[in-house]
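Peer 1: Take 5 as the starting number for the sequence shown in the working numbering and just add one per residue.
All C-beta atoms in this analysis are idealised placements derived from N, C-alpha and C, irrespective of residue type, glycine included.
The structure presented is a predicted model; accordingly, all values stated were derived computationally and were not measured.
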Amino acid sequence: MDTTLMNDGVYEALAFKLGNEEYGIKILKVQEIRGYESVTRIASAPEHVKGVVNLRGTIVPIVDMRIKFKLGEPTYNQFTVVIILNIQDRVVGMVVDSVSDVISLTAEQIKPAPDMGGALNTDYLVGLGTVDERMIILVDIDRLMSSEEMGVIDSAATA
Numbered sequence: 005m006d007t008t009l010m011n012d013g014v015y016e017a018l019a020f021k022l023g024n025e026e027y028g029i030k031i032l033k034v035q036e037i038r039g040y041e042s043v044t045r046i047a048s049a050p051e052h053v054k055g056v057v058n059l060r061g062t063i064v065p066i067v068d069m070r071i072k073f074k075l076g077e078p079t080y081n082q083f084t085v086v087i088i089l090n091i092q093d094r095v096v097g098m099v100v101d102s103v104s105d106v107i108s109l110t111a112e113q114i115k116p117a118p119d120m121g122g123a124l125n126t127d128y129l130v131g132l133g134t135v136d137e138r139m140i141i142l143v144d145i146d147r148l149m150s151s152e153e154m155g156v157i158d159s160a161a162t163a
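1) Report yes if the C-beta distance between residue 143 and residue 31 is below 8 Å; otherwise report no.
2) Alpha carbons only, please: which of 47, 141 and 76 is nearest the one belonging to residue 116?
3) With DSSP as the reference, identify every bridge partner of residue 115, one or two as the case may be.
4) May I have the straight-line CA-CA distance separating residue 86 from residue 66, to the nearest angstrom?
5) DSSP three-state label for residue 74, please.
6) Express the C-alpha separation of residue 18 and residue 114 in angstroms, rounding to a whole number.
7) Identify the continuous beta strand (DSSP E) that holds residue 38 and give its terminal residues.
8) Could you tell me if residue 150 is buried or exposed, where buried requires 16 or more neighbouring beta carbons within 10 angstroms of its beta carbon?
9) Pick helix, strand or coil for residue 141, following the three-state DSSP scheme.
10) Look at the alpha carbon of residue 21 and the alpha carbon of residue 126, and state the distance between them as a whole number of angstroms.
11) Below 8 Å on the Cβ atoms is my contact criterion, and I expect residue 109 with residue 15 to pass it. Report the Cβ-Cβ distance as a whole number of Å.
12) Between the C-alpha atoms of residue 99 and residue 45, what's the straight-line distance to the nearest angstrom?
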């Protein structure tokens, strides 16, 4: 596991739900959490990029993670939230089904992601965290958002 993700031996993550699974991202990447609001669609953007919003004068691309991870048709309701992230000095919004809580994991609670033999890209997974009976898929959100397949950071930088 990448020890640079640990702070004083503890990995603090914001836990959120996508479908039936629970995910976690490093809390220091989170700028704010907002309710879902309508977005301005951008022509020829990838399907998972819902569009952009104006957040206090900053144009922020909004990515729907249900679409990105192919978790079925997204539904937007009172629980749907947008996690505003600060990644590589860029602001990006990420639509998720709901936010659970902030969790603190020790290195012993984080297991490496299994090698899926090329069937699944696990490059952006930090590992699997366990808290009591919960299993949380820990995502390296920097690596995911700047990956070629997401195209959010690079395309936003050239816009």
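Peer 2: Taking the definition as stated:
1) Taking the sequence shown and counting its residues from 1, one reaches residue 143 at position 139. Taking the sequence shown and counting its residues from 1, one reaches residue 31 at position 27. Not a contact, by the Cβ cut-off of 8 Å.
2) Taking the first residue of the sequence shown as 1, we reach residue 116 at position 112. Cα-wise, what sits closest to residue 116 is 141.
3) The count along the sequence shown starts at 1 and reaches residue 115 at position 111. Paired residues: 132.
4) Along the sequence shown, read from residue 1 onward, the residue named residue 86 stands at position 82. Along the sequence shown, read from residue 1 onward, the residue named residue 66 stands at position 62. Those two C-alpha atoms are separated by around 8 Å.
5) Sequence index remark: in the sequence shown, residue 74 carries index 70 (1-based). Residue state, collapsed to three classes: coil.
6) As a working note, residue 114 is residue 110 in the sequence shown. As a working note, residue 18 is residue 14 in the sequence shown. Each residue's alpha carbon lies about 15 Å from the other.
7) Along the sequence shown, one-based indexing puts residue 38 at 34. For residue 38, the uninterrupted beta strand (DSSP E) segment begins and ends at 34-39.
8) Within the sequence shown, residue 150 is the residue found at index 146, counting from 1. Residue 150 should be labelled buried.
9) Here residue 141 refers to the residue found at position 137 when the sequence shown is read from its first residue. DSSP places residue 141 in strand when its eight states are reduced to three.
10) Within the sequence shown, the letter at position 17 stands for residue 21. Within the sequence shown, the letter at position 122 stands for residue 126. Between residue 21 and residue 126, the alpha-carbon positions lie close to 19 Å from each other.
11) Reading the sequence shown from its first residue, position 105 is the one you call residue 109. Reading the sequence shown from its first residue, position 11 is the one you call residue 15. With a Cβ gap of about 5 Å, residue 109 and residue 15 count as contacting.
12) In the sequence shown, the residue the question calls residue 99 occupies position 95. In the sequence shown, the residue the question calls residue 45 occupies position 41. Across the structure, residue 99 and residue 45 are spaced so that their CA atoms are roughly 15 Å apart.
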